[in-house]
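Protein chains in written order, with the working numbering: chain U, 1 to 236; chain B, 1001 to 1168; chain E, 2001 to 2537.
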């Protein structure tokens, strides 16, 4: 069964179970995403992929909204652009993101999206929270200052590796990713040191220890079934 | 729905583990019973320590980080032992409108303890609640499980001492 | 148990109670209990015995009688007498004066609007029956609606009756209950669940608590009827752990119903099976959101997930799930007993029936009231509530908790129904109604609720997690007098953005208290701005 619909005045066709995001991507229509990662269960948490659908009361997250026949979708309205920039601003002020000294400078999805969506500074006040860094693992480190709580690491560790070493602690603005019973990563008995979490992290929050500033590039051949490699550099 | 696998030995021969085990058994050691089991642990031991979290995780086969995530998501669960006495100041809207913030301030000052903390001698814990549903008695505090109605900054300390004994 | 046996239990209980010449009811709901009403009950029993009246006077513990602010309450229903502020020392006088008119100094008039303007459906048994005895519930016709449904109606008949009643969800959003029932009934799947949301999280709300404590069997009956309608055989009542008495009474009620064969297999000799379990909340407001609540029942963090799919299609463990609030379920037995048309005659065109409110704050009469939809806020606050104490002036009434708003004096003529309240930027909500006088700062009230939303946000979606914290920071800045015009502008921008982009109802409605206070009390914000002179020019 095929469905037909319109995205930004472009007629497109889609499979019955496709999400708006999948159809948009198939047709080279850009919808920004951060928490979403093809191959992991979508959670609809970052809200960057919100789109307008005619007849809907509110905005719809493209990553989890299934297409319907005759849908009319708008992905680039002024309002959506404003909201998306604000979401990025929120992520920047929530943590402590200093691109100039970050291992992922130049390969960071958050940075790339900010460039692409025209977020060049924050109107919101920086919260400057005190956050920690854990480098107890022999190969990897986690810098909570750079974590945007997309929970990709939690999902890949649970859904693909099956270890479920990662999860989230607390709630709200106090949330944080943790390993096991909130013990240092290096002491974890469940971690297989597979490195999948590091590969799917959109920022420099999870990194390889040997990497210096701007050296933390993702490996193209690693986990081919996970679409980890964004063309972050090409669309700057 | 009972699942066949080897039961894990409790961390100690403390009899209170039997209550915890009974809860898990009633739910067929299903991972879904995590919150119910954590309630049983807290009710039996007063709080959840790492040892208990380990044991519950392993018994229900829930990943450690998930157990910790659940235990910290729900504010009803305490990860540290509480004081010998506790005072919960309700900060629900009805209590707030009637000045429970000043009541809280007074208790914090008198016992030299921040909300959510226990005094260094382990005698007294000061806690806050979202709403204890006793809005007719606002502002209300709960001392060692007893609700005391219509508190003021002036009479709250006296009321607390009445229940806890003069103590700290 | 067959019909005869069942009806006989109620009949026997009625006869037993009729043998007593005097009845004394002692409120054993949480509010009065915390003022030692249990000791008052014991004192009364001792006194009755001392007078050799044990065979003539029945002392009964009952659920909430409503006027919680004046507790502990004791009633002598046989003489239509209510006593307030009772202590154990009053027991001899109360017993001595039975049949001789009330003792003056503790007498609470019952002909005041607080009682007279009420229309009790959900609370009809609260304060009248002993919530710990199933026989007492049966004696007032309890479980008869369920029996009639099972033996005389098809599931579709139940759905039609509820649809005809016009009942809408009492948790706040007001979704038509009949429509929800029929959606779950039509959803494909052999296993379905019924879930009762007893996670009454709004601060200042204690309606559901009173129903669960005062008439637990009613909730069970409502759920059982709904389960039959949708084809579910298992149900969960999710109760917050902060309500130990409600949990205890519900547990007791479930055991009694099981023993009586009203829960279990082949209920009333039919082939319908239904069992019920309690699940405890653990201090997370967000679990009032239905998908978060379901996650919590499954033992996980209470994070909401995007809808659709709605629980009616994919709920608990992926199965179609009917989820309703306590008050909604508590309306169902009455609707089936008296008919949907009867219910539809009460209330307004679009909001049928009654609503239970917890009236508190700066108002004379504090407690629980059940009023027909369409009553005005003024009638509730001034007539029933008795107005503002201490000679202060009314400023605002807060409805809907952290998802609602503050309504000012100009709008007190507003009819209490789903649409009118949301037009004012508030919501019906679950039923908390907190009155504020001129001593309350609206900026502080907005800040109070934002602090609430910030620390209750689950943290899953960015706008709610970060937005509530940023709005809280801004409100603090304003309250401290450090903010300027641009901060206020930013606050309004954030309100719009968080409302439009958050994943669940908590985030979407978190800006409501700010927006409604900005709408009606803007000058209070402006007064606090550091560059307020500039504004005035």
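The beta-carbon is built from N, C-alpha and C at its ideal position, and this holds for glycine as well.
Because the structure is a prediction, the values reported are computed rather than measured.
Alpha carbon to alpha carbon, how far is residue 164/U from residue 1074/B? If you take the alpha carbons of residue 164/U and residue 1074/B, they lie about 20 Å apart.
Sheet register partners of residue 1127/B (DSSP bridge): Secondary-structure assignment with DSSP links residue 1127/B through a beta bridge to 1088/B.
Taking residue 1072/B as the query, report the chain U residues whose CB atoms sit under 7 Å from its CB, ordered along the chain. 169, 170, listed in chain order.
What residues of chain U sit near residue 2383/E, judged by a beta carbon separation below 7 Å? Within chain U, no C-beta atom comes less than 7 Å from the C-beta of residue 2383/E; the nearest is roughly 37 Å away.
Cutting at 7 Å between CB atoms, please list the residues of its own chain near residue 24/U, excluding the five before and the five after it. So the qualifying residues of the chain are 7, 31, 62, 75.
Are the Cβ atoms of residue 2333/E and residue 2145/E separated by less than 7 Å? Cβ distance < 7 Å, so residue 2333/E and residue 2145/E count as in contact.
List the residues of chain B whose Cβ lies closer than 8 Å to the Cβ of residue 2298/E, in chain order. Simply 1032.
Can you have a look at residue 162/U and say buried or exposed, based on whether 16 or more other CB atoms are within 10 angstroms of its CB? Answer is exposed; the Cβ neighbour count stays below 16.
Interface partners of residue 2467/E on chain U, CB under 8 Å: Within 8 Å Cβ-Cβ: 90.
Consider the Cβ of residue 1063/B: report whether some Cβ of chain U lies at a distance smaller than 7 Å. It does: the Cβ of residue 1063/B has a partner Cβ on chain U nearer than 7 Å.
Is the beta carbon of residue 2363/E less than 7 Å from the beta carbon of residue 2435/E? Taking a C-beta distance under 7 Å as the contact criterion, residue 2363/E and residue 2435/E qualify as a contact pair.
When the cut-off is 7 Å and only beta carbons count, does residue 1069/B lie next to chain U? Chain U, which has a Cβ nearer than 7 Å to the Cβ of residue 1069/B, makes this yes.
What are the complete beta strand (DSSP E) segments, minimum 3 residues, inside the stretch 25-64 of chain U? Here the runs fully enclosed are 50-53.
Quick check on residue 234/U: buried or exposed, where buried means 16 or more other Cβ atoms within 10 Å of its Cβ? With a pLDDT of 38 at residue 234/U, under the threshold of 50, the modelled position of this residue cannot be trusted; read the value that follows with caution. Flag for residue 234/U reads exposed.
Counting pairs of Cβ atoms below 8 Å between the stretch 2372-2390 of chain E and the stretch 2212-2231 of chain E, do you hit three or more? The stretch 2372-2390 of chain E vs the stretch 2212-2231 of chain E: no contact.
Could you check what DSSP says for residue 1031/B in three-state terms: helix, strand or coil? Correct three-state label for residue 1031/B: helix.
Could you give the residue range of the alpha helix (DSSP H) that holds residue 2498/E? Its alpha helix (DSSP H) spans residues 2485-2501.
Give me the Cα-Cα distance between residue 82/U and residue 2530/E, rounded to the nearest whole angstrom. Going from the Cα of residue 82/U to the Cα of residue 2530/E covers about 28 Å.
Does the Cβ-Cβ distance between residue 2063/E and residue 2204/E come in under 7 Å? No, these two residues do not count as a Cβ contact at 7 Å.
Using a Cβ cut-off of 7 Å (strictly closer), state whether residue 1141/B contacts chain E. Not an interface residue.
Where does residue 207/U fall in DSSP's three states? Assignment of residue 207/U by DSSP, reduced to helix, strand and coil, places it in the strand class.
Give the DSSP-derived three-state secondary structure of residue 1022/B in the structure shown. Of the three classes helix, strand and coil, the one that applies to residue 1022/B here is helix, per DSSP.
Is the Cβ-Cβ distance between residue 85/U and residue 117/U less than 7 Å? When the beta-carbon positions are compared, residue 85/U and residue 117/U come within less than 7 Å of each other.
Counting only Cβ pairs nearer than 8 Å, list the residues of chain A close to residue 2490/E. The structure shown contains no chain A; its protein chains are U, B and E.
Take residue 2074/E and list the residues in its own chain whose beta-carbon comes closer than 6 Å to its own, dropping the five residues that flank it on each side. Excluding sequence neighbours, residue 2074/E sits near 2026, 2083, 2086.
Can you tell which of 1102/B, 1096/B, 1039/B has the C-alpha that lies nearest to the C-alpha of residue 2437/E? Taking only the C-alpha atoms, the option nearest residue 2437/E is 1096/B.
Nearest-angstrom Cα separation, counted from residue 2131/E out to residue 2220/E: One C-alpha to the other measures close to 12 Å.
Any chain E beta carbon closer than 7 Å to residue 1084/B: For residue 1084/B, the answer is no, since every Cβ of chain E falls outside 7 Å of its Cβ.
Chain E contact residues for residue 1137/B, given Cβ-Cβ distances below 9 Å: Identification of chain E residues near residue 1137/B by a Cβ-Cβ cut-off of 9 Å yields 2031, 2034, 2035, 2068, 2069, 2071, 2366, ordered along the chain.
Nearest-angstrom Cα distance between residue 179/U and residue 91/U? For residue 179/U and residue 91/U, the gap between their C-alpha atoms comes out near 22 Å.
State the start and end residues of the unbroken beta strand (DSSP E) segment that holds residue 74/U. Following the DSSP letters along the chain, one finds residue 74/U inside the beta strand (DSSP E) bounded by residues 72-74.
Which residues in the same chain as residue 2475/E place their Cβ atom closer than 8 Å to its Cβ, once the five residues preceding and following it in sequence are excluded? These residues qualify, in order along the chain: 2443, 2446, 2447, 2450, 2491, 2514.
DSSP three-state call for residue 2407/E: helix, strand or coil? Taken through DSSP and simplified to helix, strand or coil, residue 2407/E comes out as strand.
Which class does residue 2507/E belong to by DSSP, given the choice of helix, strand or coil? Annotated three-state conformation of residue 2507/E is helix, per DSSP.
Please state whether the Cβ-Cβ distance between residue 1076/B and residue 1038/B is less than 7 Å. In this structure, residue 1038/B does not lie closer than 7 Å to residue 1076/B by Cβ.
Could you pull the start and end residues of the alpha helix (DSSP H) that residue 2136/E belongs to? Here the alpha helix (DSSP H) through residue 2136/E covers 2134-2139.
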